[in-house]
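Asker: From first to last, the protein sequence lines are chains A and B. If you're matching positions, the first sequence starts at 1 in the UniProt record's numbering and goes up one per residue. If you're matching positions, the second sequence starts at 1 in the UniProt record's numbering and goes up one per residue. I have a structure here, written as structure tokens, and I will follow up with some questions on it.
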Amino acid sequence: MRTAAAIVMAGVMAAASACGGGDDGEGGSGPIELTVDVFGEFGYDQLYKQYEASHPNIKIRQRKVSTLDDFKPRLQQWIATNSGAGDVVALEEGLLPTYMQQRGKFVNLFDHGGRELQNNYLPWKWQMGLSPDGSQLVGLGTDIGPLGMCYRKDLFEKAGLPTERDEVGKLWPTWDAFLQTGQKFQGKVPGTKWLDGPTAILRATVLQNAGNGPGYSYFDKSNNLVFDSNPSVKTAFDTALKFSQAKMTADMSIFTPPWQTALKRDTFATLPCPSWMLGGIEEFSGGYGKGKWDVATVPGGGGYWGGSWLAVPKQSKHPKEAAELAKFLSSPQGQVGAFKDKNTFPSSPQAAKDPAVADSKNAYFSDAPTGKIFGDMAAQVKPVYLGPKNEEVRLAAENVLIAVGQGKIKPEEAWSKAVEEVKKAAR
Amino acid sequence: MTTDLRPATGTGPPPPAPPGARPGLRARLARIDLRVTPYLFISPFYAVFILFGLFPLLYTLWVSLHDWGLASGTREWAGLENYRYLLTDGDFWHATVNTIGIFVLATVPQLVLALFIANTLARRMRGSTLFRIGMVAPLVTSTAAVAIVFTQMFDRDYGMINWVLGLVGSGDIDWQASRGWSWVAIAMMVDWRWTGYNALIYLAAMQAIPRDLYEAAAIDGASRIRQFWQITVPMLQPTIIFTVIIATIGGLQLFTEPVLFGVGTTNRMDGGAVHQFQTITMYMYDNAFTNDRYGYGATVAWALFLMIIVFSLVNFLFVRRTGGTK
């Protein structure tokens, strides 16, 4: 009965939204409404206003969900049923490979003048948006997530650790050094955990190790599951496991409500920080965290996490206008605008060199020179190939680490359990 | 209505034809009208049922025989392969145990509590309407609000319940991590939402019990408690069986509460890191929409459907045994 009610509700809502979309009018007559589907923080609000001002016949509506895990099933239903998707949809790096398999459902941006844009993007970012045979441009790159390490300056001071970002970076050239610093910290500030949870650290280290190693992580480039045979994965897993085993994480996952609450308290002191994470921290810790956070370099050298592409589903009623909007949002100037708003770091070299990015400082993060920190990191990034089932495998592996932290899985059984779970997830 | 019409269908005299009309056609039309109209009147139900009940059921069966992925776009005939896998799928049976565990933990106190609440409300008291309306308040509360309140209550670090436990001096409970405690927490959410609903059903049934039974019992000197156990409960038996069946069907499809409870986890459909509170419907959703196994999700849906039929049959036999449907 409850389910039936939910289905009826969903139907009513779908019908309502379909009606809303129906009265858009054709082509040039009347304003065209374009819907943009994003998750998390893309920093497009100002850009929409700008675009609407220069294109009076366009009205932009953004639909935002806070986490990727909420976004994923929606997008899947929209694409599978050929209805409901926005005119421009964001595809995160984990989703892009999945939809590459169904690229027929997306507009080929080469048909809308995409070919001249190649030099606007880092070569690997451009390449990943292309179909394997290079004939279809599925997505235009938006941001990339070069890694830093966010830390709580005030808590470091309490623990007697250095607080200046250059010296903090020197505390942890390696992840082992990072662990030791954390042990020192937790000895001094017992109420606070060193890290937010095992998930962020696993994601960061997998991409770091894979980037410096074979260039792929859970799946090789022919999409075979290599979770248990790829040494980069094992190294990363062991690194993350050490923190769970030593009870140095608060066992939370980024962007979930407990994590958001934790940001308003002194629950954890550090957080692996791709550039886009800065926008999240600022949003969720608000007034409480202002001036308390800072960014240093990440242990273990380079690395990145996340980054998206903009694609236009074929179901869009206005593919031409949607493609133009996607081109604008992902253009160098669009990427500079998004960076200014939410610190999403540009995948466009021109944008990264723009003084608005390169010389930028982040007031919320104690005036950290984020443009320089992330710019230096972005220059070293080595891309990692992700398979179509990357997200499922990632979630399964993360669950095992969380269970270790909760005492439900013994640390020495963690790896074999992870292999077992991952095989089921990739089935 | 049928009794009024019966004479016209053959046994009685045909309806008199109005003057001036061709009697044969009129009579034939009237006969067609009598034969067909009842079917037309009941047809909306069947039309709706075929569209929203039968078709999805058969379509789901069709999907479950395929290796079908929404995100990847694969669609290959797999025969009974999904069903074969289901029988040996540890995660599915784990979810089944969770579902039944939460169902038992939730339903028993829920129905007992509802019975006592209804009994209290059935008495003359001040503001009884207000309290009766209050019973349905949890049902109409937005699920988002429920989620916020309950996750804050059961939060490991800053939760109200752990804070109270701390005051009493016992240790914190990690509500989400432990299989048993997560079941308890979810059962409490379920009870909060559905106890009042059952109480109202009981209340309605109680008001149909003849007052003179109670008066006679009172004259004989039976206490209120004795009246409750020996008059109210036996008279309510059919209603109690009805609520048990409804609660069984609802309990096997338990979805909203555990999903809301898992709001702090990486994937809410997982029901915790080791699936400690993943129910069958969550497992179905997880397969169909998160893990890109739409076909297998359909298989789980069918398994659930069969399970509900079996449970309902068991209930039905139980009802016949106890004489509830006389």
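Every residue, glycine too, gets a C-beta built ideally from N, C-alpha and C.
Which of the three DSSP states, helix, strand or coil, is assigned to residue 393/B?
Answerer: Residue 393/B is absent from the model: chain B starts at 1 and stops at 326.
Asker: For chain B, is any of its Cβ atoms less than 8 Å away from the one on Thr261/A?
Answerer: Counting from one through the first sequence, the residue named residue 261/A turns up at place 261. At least one chain B Cβ lies under 8 Å of Thr261/A.
Asker: Where does the unbroken beta strand (DSSP E) through Ala222/B begin, and where does it stop?
Answerer: Position 222 of the second sequence, counted from the first residue, corresponds to residue 222/B. Judged by DSSP secondary structure, Ala222/B falls outside any beta strand (DSSP E); it is assigned neither H nor E.
Asker: Just to confirm the assignment: which complete beta strand (DSSP E) runs, minimum length 3, are found wholly within the segment 112–178 of chain A?
Answerer: 140–152
Asker: By the three-class DSSP mapping on this structure, what secondary structure does Arg193/B have?
Answerer: Looking up residue 193/B in the second sequence gives position 193. Helix at Arg193/B.
Asker: Could you give the uninterrupted runs of the alpha helix (DSSP H) lying entirely in the segment 235–318 of chain B, keeping only those of 4 residues or more?
Answerer: 237–252, 256–261, 280–285
Asker: Report yes or no: is there a C-beta of chain A within less than 8 Å of the C-beta of Thr120/B?
Answerer: Counted from its first residue, the second sequence places residue 120/B at position 120. Taking 8 Å as the CB threshold, Thr120/B stays off the interface with chain A.
Asker: Which of the residues in the segment 245–270 of chain B, read from start to end, lie with their CB under 8 Å from any CB of chain A?
Answerer: Ile246, Ile249, Gly250, Gln253, Phe255, Thr256, Val263, Gly264, Thr265, Thr266, Asn267, Arg268, Asp270
Asker: Using CA atoms only, rank isn't needed, just tell me which of Glu324/A, Phe345/A, Ser316/A is closest to Asn82/A.
Answerer: Stepping through the first sequence from its first residue, residue 82/A is reached at position 82. The shortest Cα separation from Asn82/A among Glu324/A, Phe345/A, Ser316/A belongs to Ser316/A.
Asker: So, is the C-beta of Leu395/A closer than 8 Å to a C-beta in chain E?
Answerer: The structure shown contains no chain E; its protein chains are A and B.
Asker: Assuming Glu33/A is part of the beta strand (DSSP E), what are its boundary residues?
Answerer: In the first sequence, the residue the question calls residue 33/A occupies position 33. Counted as a single uninterrupted DSSP element, the beta strand (DSSP E) harbouring Glu33/A occupies residues 32–39.
Asker: Beta-carbon within less than 6 Å of Gly27/A's beta-carbon, same chain only, minus the 5 sequence neighbours each way: which residues are those?
Answerer: Numbered from 1 along the first sequence, position 27 holds the residue referred to as residue 27/A. Confidence at Gly27/A is low in this model, with a pLDDT of 45, below 50, so its placement is unreliable and the value that follows should be read with caution. Within the same chain, Gly27/A has no close Cβ partners at all.
Asker: List the whole-angstrom C-beta distance separating Val206/A from Ala236/A, where the pair is believed to meet the contact cut-off of C-beta under 8 Å.
Answerer: Residue 206/A sits at position 206 when you count from the first residue of the first sequence. Residue 236/A sits at position 236 when you count from the first residue of the first sequence. With 8 Å as the limit, Val206/A and Ala236/A qualify as a contact, their Cβ atoms being about 4 Å apart.
Asker: Can Thr232/B and Met206/B be called in contact, C-beta distance under 8 Å?
Answerer: Within the second sequence, residue 232/B is the residue found at index 232, counting from 1. Within the second sequence, residue 206/B is the residue found at index 206, counting from 1. Cβ distance < 8 Å, so Thr232/B and Met206/B count as in contact.
Asker: For Pro258/A, which residues in chain B fall below 7 Å Cβ to Cβ?
Answerer: Here the question's residue 258/A lines up with position 258 in the first sequence. Near Pro258/A (Cβ distances below 7 Å), the residues of chain B are Asp155, Gly264.
Asker: List, in order along the chain, the chain B residues whose C-beta lies closer than 9 Å to that of Lys408/A?
Answerer: The residue you call residue 408/A lines up with position 408 of the first sequence. Result: Ala177, Ser178, Arg179, Gly272, Ala273, Val274, Gln276.
Asker: Suppose the cutoff is 8 Å on Cβ atoms and the five residues either side in sequence are ignored; what does the same chain contact list for Ala6/A look like?
Answerer: Numbered from its first residue, the first sequence carries residue 6/A at position 6. For Ala6/A, the predicted structure reports a pLDDT of 46, less than 50, and the residue's modelled location is therefore unreliable. A value from the coordinates is still provided. Closer than 8 Å at the Cβ level, and outside the excluded window around Ala6/A, lies no residue.
Asker: Quick check on the burial criterion: 16 or more other C-beta atoms within 10 angstroms. Buried or exposed for Ala187/B?
Answerer: Against the second sequence, residue 187/B aligns to sequence position 187. Buried.
Asker: Name, please, each residue of chain A whose Cβ falls closer than 8 Å to the Cβ of Ser72/B.
Answerer: As a working mapping, residue 72/B is identified with position 72 in the second sequence. Ordered by position in chain A, the residues that pass the 8 Å Cβ test against Ser72/B are Thr98, Gln101, Gln102, Pro388.
Asker: Of all Cβ atoms in chain A, is any one closer than 8 Å to the Cβ of Thr290/B?
Answerer: On the second sequence, position 290 is the one that residue 290/B refers to. Judged by the 8 Å Cβ criterion, Thr290/B is in contact with chain A.
Asker: If we call anything under 8 Å between Cβ atoms a contact, is Pro231/A one with Val89/A?
Answerer: What you label residue 231/A is simply residue 231 of the first sequence in a count that begins at 1. What you label residue 89/A is simply residue 89 of the first sequence in a count that begins at 1. No, the Cβ-Cβ distance between Pro231/A and Val89/A is not below 8 Å.
Asker: Could you tell me whether the Cβ atoms of Lys327/A and Leu117/A are closer together than 8 Å?
Answerer: Sequence index remark: in the first sequence, residue 327/A carries index 327 (1-based). Sequence index remark: in the first sequence, residue 117/A carries index 117 (1-based). For Lys327/A and Leu117/A, yes; Cβs fall inside 8 Å.
Asker: So, does the segment 295–305 of chain A touch the segment 71–79 of chain A, judging by three or more C-beta pairs under 8 Å?
Answerer: no
Asker: At a cut of 8 Å, does the segment 343–359 of chain A reach the segment 91–111 of chain A through at least three beta carbon pairs?
Answerer: no
Asker: Going by CA-CA distance only, name the one from Phe289/B, Asp191/B, Leu252/B, Gln276/B that's closest to residue 345/B.
Answerer: With chain B represented from 1 up to 326, any question about residue 345/B goes unanswered, as that position is not in the structure.
Asker: For Phe92/B and Asp172/B, I'd like the C-alpha separation in whole angstroms.
Answerer: Here residue 92/B refers to the residue found at position 92 of the second sequence. Here residue 172/B refers to the residue found at position 172 of the second sequence. Going from the Cα of Phe92/B to the Cα of Asp172/B covers about 31 Å.
Asker: Where Leu155/A and Phe178/A are concerned, what is the direct C-alpha to C-alpha distance, given to the nearest angstrom?
Answerer: Taking the first sequence and counting its residues from 1, one reaches residue 155/A at position 155. Taking the first sequence and counting its residues from 1, one reaches residue 178/A at position 178. C-alpha separation (whole angstroms): 16 Å.
Asker: So which residues of chain A does Asp212/B contact, with C-beta pairs closer than 7 Å?
Answerer: Stepping through the second sequence from its first residue, residue 212/B is reached at position 212. The contacting residues do not exist; Asp212/B stays about 36 Å from chain A at best.
Asker: Please return the same chain residues whose Cβ sits closer than 8 Å to the Cβ of Val226/A, not counting the five positions on each side in sequence.
Answerer: Mapped onto the first sequence, residue 226/A falls at position 226. For Val226/A, where only same-chain residues beyond five positions count, the Cβ hits under 8 Å are Tyr216, Tyr218, Phe219, Asp220, Val233.
Asker: Does Pro349/A have its Cβ less than 8 Å from a Cβ in chain B?
Answerer: Along the first sequence, read from residue 1 onward, the residue named residue 349/A stands at position 349. Under the 8 Å criterion on CB atoms, Pro349/A is classed as non-interfacial with respect to chain B.
Asker: Going by C-alpha to C-alpha distance, which of Val274/B, Asn267/B, Met282/B sits closest to Glu257/B?
Answerer: Taking the second sequence and counting its residues from 1, the one referred to as residue 257/B is at position 257. Closest by alpha carbon: Met282/B.
Asker: So Pro332/A packs on Ala363/A, CB below 8 Å; how close in whole Å?
Answerer: In the first sequence, residue 332/A corresponds to position 332, counting from 1. In the first sequence, residue 363/A corresponds to position 363, counting from 1. Taking 8 Å as the upper bound for CB-CB distance, Pro332/A and Ala363/A are not in contact here, some 24 Å apart.
Asker: I'd like the list of long-range same chain contacts for Leu86/B, defined as Cβ closer than 8 Å, with 5 residues on each side in sequence excluded.
Answerer: Taking the first residue of the second sequence as 1, we reach residue 86/B at position 86. Cβ neighbours of Leu86/B beyond the five flanking positions: Phe92, Tyr296, Thr299, Val300, Ala303.
Asker: Locate the alpha helix (DSSP H) running through Lys72/A, then write down its first and last residues.
Answerer: Position 72 of the first sequence, counted from the start, is the residue given in the question as residue 72/A. Lys72/A -> alpha helix (DSSP H) spans 68–81.
Asker: Since Asp67/B sits in a beta bridge, which residues does DSSP pair it with?
Answerer: What you label residue 67/B is simply residue 67 of the second sequence in a count that begins at 1. Its beta-bridge partners are Glu76/B.
Asker: For the alpha helix (DSSP H) containing Pro272/A, name the first residue and the last one.
Answerer: Numbered from 1 along the first sequence, position 272 holds the residue referred to as residue 272/A. From DSSP, Pro272/A is part of no alpha helix (DSSP H) but of the beta strand (DSSP E) over 268–274.
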